[in-house]
Amino acid sequence: MNSIFKFKGLLIVLITAVSMLSLAHGAGGPAKVDYAYPDKKQAAKFPVPNSYYEASEDKSMGEILMSRIQKDPFNLVATIIFFLAIFHTFAAAKFNNMAHKFELEHRAKIAKEGRRAEDKPHHDAKDDVSFKASLFHFLGEIEAIFGIWVIALAGAASYFYSWADFKKYVSVDKYFAEPIFVVIIMAIAASRPVLKFSEQLMAQVAKLGKSTPLAWWLSVLTVAPVLGSFITEPAAMTIAALLLSKKFYAFDISNKLKYATLGLLFVNISVGGTLTHFAAPPVLMVAGTWDWNMVDLLLNFGWKSVIGIIVSNAIYVMIFSKELKGLAAQKTAGSDTENLSWEDREEPIPAWVTIVHLFFLAWTVMNVHDPVLFVLGFLFFLAFVTATNHHQNRIALKTPLLVGFFLAGLVIHGGCQGWWIDPIIRSLSDGTLMVGATILTAFNDNAAITYLASQVQGISDGAKYAVVAGAVAGGGLTVIANAPNPAGQSILSKHFKDGVSPLGLLLGALIPTVVVFVFLLLLPSLSPHHKVGPSYKKDKPKQHVQHESAPVKTVGVQVNH
Numbered sequence: 392m393n394s395i396f397k398f399k400g401l402l403i404v405l406i407t408a409v410s411m412l413s414l415a416h417g418a419g420g421p422a423k424v425d426y427a428y429p430d431k432k433q434a435a436k437f438p439v440p441n442s443y444y445e446a447s448e449d450k451s452m453g454e455i456l457m458s459r460i461q462k463d464p465f466n467l468v469a470t471i472i473f474f475l476a477i478f479h480t481f482a483a484a485k486f487n488n489m490a491h492k493f494e495l496e497h498r499a500k501i502a503k504e505g506r507r508a509e510d511k512p513h514h515d516a517k518d519d520v521s522f523k524a525s526l527f528h529f530l531g532e533i534e535a536i537f538g539i540w541v542i543a544l545a546g547a548a549s550y551f552y553s554w555a556d557f558k559k560y561v562s563v564d565k566y567f568a569e570p571i572f573v574v575i576i577m578a579i580a581a582s583r584p585v586l587k588f589s590e591q592l593m594a595q596v597a598k599l600g601k602s603t604p605l606a607w608w609l610s611v612l613t614v615a616p617v618l619g620s621f622i623t624e625p626a627a628m629t630i631a632a633l634l635l636s637k638k639f640y641a642f643d644i645s646n647k648l649k650y651a652t653l654g655l656l657f658v659n660i661s662v663g664g665t666l667t668h669f670a671a672p673p674v675l676m677v678a679g680t681w682d683w684n685m686v687d688l689l690l691n692f693g694w695k696s697v698i699g700i701i702v703s704n705a706i707y708v709m710i711f712s713k714e715l716k717g718l719a720a721q722k723t724a725g726s727d728t729e730n731l732s733w734e735d736r737e738e739p740i741p742a743w744v745t746i747v748h749l750f751f752l753a754w755t756v757m758n759v760h761d762p763v764l765f766v767l768g769f770l771f772f773l774a775f776v777t778a779t780n781h782h783q784n785r786i787a788l789k790t791p792l793l794v795g796f797f798l799a800g801l802v803i804h805g806g807c808q809g810w811w812i813d814p815i816i817r818s819l820s821d822g823t824l825m826v827g828a829t830i831l832t833a834f835n836d837n838a839a840i841t842y843l844a845s846q847v848q849g850i851s852d853g854a855k856y857a858v859v860a861g862a863v864a865g866g867g868l869t870v871i872a873n874a875p876n877p878a879g880q881s882i883l884s885k886h887f888k889d890g891v892s893p894l895g896l897l898l899g900a901l902i903p904t905v906v907v908f909v910f911l912l913l914l915p916s917l918s919p920h921h922k923v924g925p926s927y928k929k930d931k932p933k934q935h936v937q938h939e940s941a942p943v944k945t946v947g948v949q950v951n952h
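Numbering (the working numbering), first residue to last: 392 to 952.
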């Protein structure tokens, strides 16, 4: 019987992998396509390419936007739907509270009517499920919101154009390799061997400080964010939050230090993923479009982010020095090894198993632009997990799938926002753009900010740098500012009375946000041969259009001396 269940499990895995492979393979569209805009290789009749609008040099911003709405009213409808999705993210907590209320009412009802699992004659019976509670819980999933509102966008596109055009838009014009990549890399990075390897690495660093609470605090808040550049930010957030919960929040600490640590964690994770081009969602969503590689990110973002992390940690150590050092004298309840769950077991993992997992992680990263290869690699990874099951925990796909769903929804919505984001970005100086990106990130996921910028054709390298730098700097200000933040908050919220306060998080993240912002703004690029990084030349603020015939320069946020 067990072999039958294992066979069914492998069959489900196979079907899932083949489905993802088909989606990845078809992301580039069919071989023969009737293009609505042949010069742009665009199959759908919407959105109208920005170059097809009238010249706007002598028009005000209001006149530009109004003329584009008059040319294609679908522009306004698509943007209203997009902003409704953003407003929906702020109401997510309300939907979750309602779902909890409906669930409690449902439990009381089925207990009264005898519809619980224990009231049924079958040994494997289940409680009746509340569809209403499940629906509201789904509406409260932040990562699902953009995908939910794709339904409204599909209806609007079908009304203004046709269903066939919407199908061309999502199947030919849009490319979903990045969302699929995120699902796979998160699933591999969150496997038990990779998590244990990361924990052991931070434990070795903590030993340098005699494994005191302060040593663990510094180790987690320094190593985990940098590690996020290689195992992805969501995986790094999960590891860091779990370790902080066990090694730091278990002590009796002040509310100020709790929020300072949470804010610092969120900011450090947000900027720590910029050493590579695949780990941070706001970077991943633009790296392919803007042709950024790992060297570009490391030399122009990564090293500055590491300095910002170290300085931010040092500032908080100075502010909370007395309390952090005093934690060593406290006693904690400790862990009850006899009552540990299977997933929390401490049995060692053979080195060869860990090495194989790291190989699959590396394989996925190396083939980030070849979805057929990394999806096939994921299928072999799942087979290996099944073959070494006693060393593994269950591969959790819910969170990776939700994040991938979020990014896919963002790709679909974001492709229809170029009509207004294009003229606005072109009108701003790099410094203003960086400040604006930081502020906007507090009200929306930073991947959304950078993806919208990537829809602007001919955007200068300075503007590209400004948008990404501002987006990652502001990634810790709110729980919705960066995709991994909800995972960290869900793990650590139990240590906060009445849950995490948005104001408390904002105040805790403010100092490190300013620190990393300043470093990303002022520090120059290490190499003049790459396409991104600050330039210290005095240029006119509206020089955001980079002509194809112009030589590539190292530019970035403009700083006037």
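For every residue, glycine included, the Cβ atom is placed at its ideal position computed from N, Cα and C.
- Item | Closest residue to A499 among P512, D518, H513 (Cα-Cα distance) | Measuring from the Cα of A499, the nearest candidate turns out to be D518.
- Message: Using C-beta distances below 6 angstroms, list every residue in its chain close to N873, excluding the 5 sequence neighbours before and after it, in chain order.
- Response: The residues are S661, N837, G866.
- Mapping DSSP to helix, strand and coil, what is A724? A caution first: A724 carries a pLDDT of 49, below 50, which makes its placement in the model unreliable, though a value can still be read off. The DSSP-derived three-state label of A724 is coil.
- Tell me whether F771 sits in a helix, a strand or coil according to DSSP, three-state version. Helix at F771.
- Query: Where in the stretch 514-575 do unbroken runs of the alpha helix (DSSP H), each at least 4 residues long, occur, reported from the N-terminal end onward?
  - Reply: The DSSP assignment places complete alpha helix (DSSP H) segments of no fewer than 4 residues inside the stretch 514-575 at 522-530, 536-551, 554-559, in order along the chain.
- Is it right to say G619 is buried, meaning 16 or more other beta carbons lie within 10 angstroms of its own, or is it exposed? Counting Cβ neighbours within 10 Å, G619 comes out buried, since at least 16 surround it.
- Query: Can you name, in chain order, every residue of its own chain whose Cβ lies under 6 angstroms from the Cβ of G725, other than the five neighbours on each side?
  - Reply: Note that G725 scores 49 on pLDDT, short of 50, meaning its location in the model is unreliable; the coordinates nonetheless yield the value given after this. Closer than 6 angstroms at the Cβ level, and outside the excluded window around G725, lies no residue.
- Task: Can you check DSSP and say which residues form a bridge with Q433?
- Result: Beta-bridge pairing links Q433 to Y428.
- Query: Are the stretch 506-525 and the stretch 545-556 touching, with three or more C-beta to C-beta distances below 8 angstroms?
  - Reply: Taking one beta carbon from each stretch, the stretch 506-525 and the stretch 545-556 have fewer than 3 pairs nearer than 8 angstroms; the two do not touch.
- Specify the secondary structure class of I786 as computed by DSSP and reduced to three states. Three-state result, I786: coil.
- Item | Contact set for T603: own chain, Cβ-Cβ below 6 angstroms, skip 5 residues either direction | So the qualifying residues of the chain are A719.
- With contact counted as at least three CB pairs below 8 angstroms, one residue from each stretch, are the stretch 834-849 and the stretch 881-888 in contact? Contact between the stretch 834-849 and the stretch 881-888 is absent, because fewer than three Cβ pairs lie under 8 angstroms.
- Item | Three CB pairs or more closer than 8 angstroms across the stretch 662-674 and the stretch 613-627 | Two segments are said to touch when three or more pairs of C-beta atoms, one from each, lie closer than 8 angstroms; by this definition the stretch 662-674 touches the stretch 613-627.
- What number of angstroms, rounded off, separates the C-alpha of E534 from the C-alpha of F797? In this structure, the CA atom of E534 is about 5 angstroms from the CA atom of F797.
- Message: The alpha helix (DSSP H) that contains H886, what's its start and end?
- Response: It is not in any alpha helix (DSSP H) - H886 carries neither H nor E in the DSSP assignment.
- Message: I need the boundaries of the alpha helix (DSSP H) containing I840, first residue and last residue.
- Response: Looking at the DSSP string, the run of the alpha helix (DSSP H) that includes I840 is 837-845.
- Item | Nonlocal neighbours in the same chain, by C-beta distance under 8 angstroms from E532, ignoring five residues either side | Cβ-Cβ distances below 8 angstroms link E532 to A483, L793 in the same chain, with the five nearest sequence neighbours on each side left out; the list follows chain order.
- Taking buried to mean at least 16 other C-beta atoms within 10 Å of its own C-beta, is A555 buried or exposed? Residue burial is scored here from C-beta neighbours: A555 has fewer than 16 other C-beta atoms within 10 angstroms and is therefore classed as exposed.
- Inspect the beta-carbon positions of Q808 and F572 and report whether they are closer than 8 angstroms. The answer is no: Cβ separation not under 8 angstroms.
- Task: Hey, could you find the ends of the alpha helix (DSSP H) E454 is sitting in?
- Result: Under the DSSP assignment, E454 falls in the alpha helix (DSSP H) whose first and last residues are 452-462.
- Query: If we count the other Cβ atoms within 10 Å of its Cβ and call it buried at 16 or more, is Q461 buried or exposed?
  - Reply: A residue is called buried when at least 16 other Cβ atoms come within 10 angstroms of its Cβ; Q461 does not meet this threshold and is exposed.
- Query: Is it the case that the Cβ atoms of F908 and T829 are separated by a distance below 8 angstroms?
  - Reply: It is a contact, given that the beta carbons lie within the stated cut-off.
- Message: Between the alpha carbons of I575 and K789, how many angstroms are there, rounded?
- Response: Between the C-alpha atoms of I575 and K789 there is a straight-line separation of about 12 angstroms.
- Can you tell me the Cα-Cα spacing of D930 and S820, whole angstroms? In this prediction, D930 scores a pLDDT of 41, lower than 50, which makes its location untrustworthy; the coordinate-derived value is nonetheless stated afterwards. Each residue's Cα considered, the two are about 9 angstroms apart.
- Message: Considering only heavy atoms of the ligand COA, does any lie closer than 7 angstroms to the CB of P584?
- Response: Looking at this structure, you won't find the ligand COA or any other ligand, since it has none at all.
- Query: With DSSP run on the structure shown, which of helix, strand or coil describes W733?
  - Reply: Reduced to three states, the DSSP call for W733 is helix.
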